[in-house]
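Undergrad: So the sequence lines, in the order shown, correspond to chains A and B.
Each residue of the first sequence is one higher than the one before, starting from 1 at the first, in this note's numbering.
Each residue of the second sequence is one higher than the one before, starting from 1 at the first, in this note's numbering.
Think of the CB as a built atom: it goes at the ideal place given N, C-alpha and C, for glycine as much as any other residue.
There are 2 protein chains.
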Amino acid sequence: MADKVTSQDVAARAGVSRSAVSRVFTPGASVSDATAKKVRLAAEQLGYRPNVLARSLLTGRSRMVGLVVGYLDNHFYPGLLEQLCQVLDTEGVNVLMFLAEDAEANLDQVVNDLLDYQVDGLVLASVTLGSTLATRCEAIGVPVVELNRSDGGQGLHVVSDNEMGGVMAVEHLIAQGRRRIGHIAGWEGASTQRAREAGALSALRKAGLGLYAREVGNFDKEQARDATRRMFNDAEARPDAVFVANDFMAFHVIDVLRYELGLTVPKDVAVIGFDDVPTAAFAAYELTTIRQDLDAMVRHTAELLMGRETSSRMITPSLVVRSTCGAT
Amino acid sequence: MADKVTSQDVAARAGVSRSAVSRVFTPGASVSDATAKKVRLAAEQLGYRPNVLARSLLTGRSRMVGLVVGYLDNHFYPGLLEQLCQVLDTEGVNVLMFLAEDAEANLDQVVNDLLDYQVDGLVLASVTLGSTLATRCEAIGVPVVELNRSDGGQGLHVVSDNEMGGVMAVEHLIAQGRRRIGHIAGWEGASTQRAREAGALSALRKAGLGLYAREVGNFDKEQARDATRRMFNDAEARPDAVFVANDFMAFHVIDVLRYELGLTVPKDVAVIGFDDVPTAAFAAYELTTIRQDLDAMVRHTAELLMGRETSSRMITPSLVVRSTCGAT
DNA sequence: CTGAAAGCGCTTACAG
DNA sequence: CTGAAAGCGCTTACAG
Chain A
1 MADKVTSQDV AARAGVSRSA VSRVFTPGAS VSDATAKKVR LAAEQLGYRP
51 NVLARSLLTG RSRMVGLVVG YLDNHFYPGL LEQLCQVLDT EGVNVLMFLA
101 EDAEANLDQV VNDLLDYQVD GLVLASVTLG STLATRCEAI GVPVVELNRS
151 DGGQGLHVVS DNEMGGVMAV EHLIAQGRRR IGHIAGWEGA STQRAREAGA
201 LSALRKAGLG LYAREVGNFD KEQARDATRR MFNDAEARPD AVFVANDFMA
251 FHVIDVLRYE LGLTVPKDVA VIGFDDVPTA AFAAYELTTI RQDLDAMVRH
301 TAELLMGRET SSRMITPSLV VRSTCGAT
Chain B
1 MADKVTSQDV AARAGVSRSA VSRVFTPGAS VSDATAKKVR LAAEQLGYRP
51 NVLARSLLTG RSRMVGLVVG YLDNHFYPGL LEQLCQVLDT EGVNVLMFLA
101 EDAEANLDQV VNDLLDYQVD GLVLASVTLG STLATRCEAI GVPVVELNRS
151 DGGQGLHVVS DNEMGGVMAV EHLIAQGRRR IGHIAGWEGA STQRAREAGA
201 LSALRKAGLG LYAREVGNFD KEQARDATRR MFNDAEARPD AVFVANDFMA
251 FHVIDVLRYE LGLTVPKDVA VIGFDDVPTA AFAAYELTTI RQDLDAMVRH
301 TAELLMGRET SSRMITPSLV VRSTCGAT
């Protein structure tokens, strides 16, 4: 194992000081062309690359952002991760990943770990920070942005206008002639869930309707299936439409409706989801859904992290019509 | 913004030296209970946490591993990422993410970036490193393991026995009575593709058959769809089965077969995929496939990174029978 | 433009 | 068990 080559080595070979070497690798520092040339040559020959960690110790900036995400099963999150990596890459910052499986449970532990790495910022996808830690992050000047969650009224958050999305979903169902509209909810602790449902309820109210049925799927595969079974077990009085709180659950809802209960979508029951993950466009589903503008969400998140923006934002979602909500 | 609290601050408050503070936070160092207690109390009160970056400078270990992955659309990779994060977390190491969209193109750049962060190891999921960089990584003692790719005969790699998988796939098709077997290939530059196809061919040969049709889908959604259209455009002479190089393409192949060409799966044509991603189990697909043992792959990768294992490994895949390959 | 010096926050032999 | 000292690899005022 070769010795690590340091700025000292490069300096020696180039016949300059370490300061000079450092300047050559610091954009905007003042070095003569001659010096720069000598240094770059020596660095090249030696295979020298600055140690980012050592630099961070001095500058106080690590050029890393911590991302904590609850789970990756819902393809919304890999998409988010992908976009975030790309956008941050253009800023020269990397993503330090953290999976908080049991979500809120050990989140404080996770965030502390991340903070120990001196991350320049934190993005919490679908998880919410306790106020103690939030205060601490603020104290040490680390911006934390909640993405797709907006519980703490305090901190920064970037979310879709989920309530508007709920309204759009139900209005579409009603426009298609549906009247017996059910809702399969996600985790009720999530602000996204509450807002989506609130929107749905207000659209129903406006139409002089109420929620025809309601079950909780907790954003979980099996629970969504069970919720569907319960909601449709009375063949006489079943809903003619269901607004599912996210696409991930909607696929399972459709599978149960079609392959277990023998119902036809959309003829017997219309289904609408939320997110517009890639699978929603698959011919086997052709899921009508409320699209979250991931691009705008991630872009604003990056601006917040970079400190070029300082306020939370609500992103406007849009209706994507596919075949699962055809007219009766 | 509060001043950062350092080990010096804690030492002062606890009335000990910085060395003592350091030892308290170094597992296995010798400190008296009394000292430890005083230090922990002071640290607690001050909200002190060791700076991992500073520590890394000394120890030469950053406790970060770089992961570069080509894309996340294929759900195989988010799954892999998830498992890797979990397993490495138990070792106290974090994952520094990097997306190499245009794959092999700027990979060297990406790897250099990662190396600048002093990562303790590198895992390349489905991408392959140029030999120059590979040598450099070896020189500086950074293990690099190729996961789900095994081109460089040199370095460490962890892959499924893809050839065996190809054999299993075709043997299953034959056992179901299929004889006109087509193959929709992935990217031919990938070792995984070549091995899977080689296995398929050898199983066909053994049965006295040849490949009935072949098209290239390049592991891409649209290309897979086009490949399917080309392969099935002659209604008289179409294959009665198709082995698709991965599940991600297989879903699109099935969609085209069913919804564009009006064929029935498996009655008209049997389909078998590779990977066993979660969507394969969805009722809308019920895709028969060759499962890669992600758990074993990730576990071995971690062992290699930790230096507890030193040799490459081939993991045995398994056949998962679902309804897309029913008998004729 | 350039170098000597101090210092980022921590760890680790070395004495005691 | 404990502290003083040196040092990890780099950057940044400060003089020149």
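At what residue ranges does the segment 60-123 of chain B contain a whole run of the alpha helix (DSSP H), taking only runs of 4 or more?
TA: 76-89, 107-116
Undergrad: For E197 of chain A and chain B, any beta-carbon pair shorter than 9 Å?
TA: Judged by the 9 Å Cβ criterion, E197 of chain A is not in contact with chain B.
Undergrad: With 16 other CB atoms within 10 Å as the buried threshold, where does Y212 of chain A fall?
TA: buried
Undergrad: In chain A, what lies closer than 7 Å to D73 of chain B by C-beta?
TA: Per Cβ cutoff of 7 Å: P278.
Undergrad: For A43 of chain B and L99 of chain A, what's the separation of their Cα atoms in angstroms?
TA: 27 Å
Undergrad: Applying the 10 Å Cβ sphere with the 16-neighbour rule, what's the burial state of P78 of chain A?
TA: buried
Undergrad: Look up E146 of chain A in the DSSP assignment and say whether it is helix, strand or coil.
TA: strand
Undergrad: What are the boundary residues of the alpha helix (DSSP H) that includes A195 of chain A?
TA: It spans 191-206 - the alpha helix (DSSP H) in which A195 of chain A sits, taken as one unbroken run.
Undergrad: Using C-beta distances below 6 Å, list every residue in its chain close to A29 of chain B, excluding the 5 sequence neighbours before and after it, in chain order.
TA: These residues qualify, in order along the chain: R23.
Undergrad: Would V256 of chain A and R225 of chain A qualify as a contact pair, given that the criterion is a beta-carbon distance under 9 Å?
TA: For the pair V256 of chain A and R225 of chain A, the CB atoms are nearer than the 9 Å cut-off.
Undergrad: With three or more C-beta pairs closer than 8 Å as the rule, is the segment 261-280 of chain A touching the segment 245-253 of chain A?
TA: yes
Undergrad: What residues in its chain sit with their C-beta under 6 Å from that of L263 of chain B, if we drop five residues either side in the sequence?
TA: L257, V269
Undergrad: Can you pull out the residues from the segment 34-59 of chain B whose beta carbon lies closer than 8 Å to at least one beta carbon of chain A?
TA: Listed by position, the residues of the segment 34-59 of chain B near chain A (Cβ gap below 8 Å) are G47, R49, P50, N51, V52, L53, A54, S56, L57.
Undergrad: Are A245 of chain B and T192 of chain B touching if we call contact CB-CB under 9 Å?
TA: yes
Undergrad: Going by other Cβ atoms of all chains shown within 10 Å of its Cβ, with 16 needed for buried, is T310 of chain A buried or exposed?
TA: exposed
Undergrad: For the beta strand (DSSP E) holding G166 of chain A, just list the boundary residues, first then last.
TA: Where G166 of chain A is concerned, there is no enclosing beta strand (DSSP E), although the alpha helix (DSSP H) it sits in stretches over 162-175.
Undergrad: What is the residue span of the alpha helix (DSSP H) that S19 of chain B lies within?
TA: 18-24
Undergrad: Flag this pair as yes or no: are the beta carbons of R49 of chain B and N112 of chain A separated by less than 9 Å?
TA: yes
Undergrad: Verify the contact flag: S131 of chain A, CB atom, against every heavy atom of the ligand FMN, threshold strictly below 8 Å.
TA: Looking for the ligand FMN in the displayed structure turns up nothing, as the structure carries no ligands at all.
Undergrad: Within 10 angstroms of the Cβ of Q45 of chain B, are there 16 or more other Cβ atoms? Answer buried if so, exposed if not.
TA: exposed
Undergrad: Output the distance between the C-alpha atoms of V31 of chain A and R55 of chain A, rounded to the nearest integer angstrom.
TA: Rounded to the nearest angstrom, the gap between the Cα atoms of V31 of chain A and R55 of chain A is 19 Å.
Undergrad: Please tell me whether V65 of chain B and A125 of chain B are closer than 9 Å, where the distance is taken between their beta carbons.
TA: no
Undergrad: Buried or exposed: which applies to K38 of chain B, given that a residue is buried once 16 or more other Cβ atoms fall within 10 Å of its Cβ?
TA: buried
Undergrad: Using the C-alpha atoms, what's the distance from V216 of chain A back to Q223 of chain A?
TA: 7 Å
Undergrad: Strictly below 8 Å CB to CB, what residues from chain B border Q86 of chain A?
TA: L99, E101
Undergrad: Tell me the rounded alpha-carbon separation between N94 of chain B and Y117 of chain A.
TA: 10 Å
Undergrad: Three or more C-beta pairs under 8 Å: does that hold for the segment 306-324 of chain A against the segment 286-294 of chain A?
TA: yes
Undergrad: Would you mind working out which of B:N162, B:A198, B:N218, B:L209 sits nearest G189 of chain B, comparing C-alpha positions?
TA: Checked all of B:N162, B:A198, B:N218, B:L209; the closest Cα to G189 of chain B is B:N218.
Undergrad: If I'm right that F243 of chain A touches V170 of chain A with Cβ under 8 Å, what's the distance once you round it to whole angstroms?
TA: 6 Å
Undergrad: Nearest to G92 of chain B by CA position, among A:V87, A:Q109, A:F25, is which residue?
TA: A:Q109
Undergrad: Give every residue of the same chain whose Cβ lies closer than 7 Å to the Cβ of Q8 of chain B, excluding the five residues on either side of it in the sequence, and list them in chain order.
TA: R18
Undergrad: Name the two residues that bound the continuous alpha helix (DSSP H) containing S131 of chain A.
TA: S131 of chain A -> alpha helix (DSSP H) spans 131-139.
Undergrad: Does any residue of chain B bring its CB to less than 9 Å from the CB of D255 of chain A?
TA: yes
Undergrad: Is the separation between the beta-carbon of V167 of chain A and that of A203 of chain A shorter than 9 Å?
TA: yes
Undergrad: Could you check what DSSP says for R258 of chain B in three-state terms: helix, strand or coil?
TA: It is helical.
Undergrad: Classify E146 of chain B: buried if its beta carbon has 16 or more other beta carbons within 10 angstroms, exposed otherwise.
TA: With 16 or more other Cβ atoms within 10 Å, it is buried.
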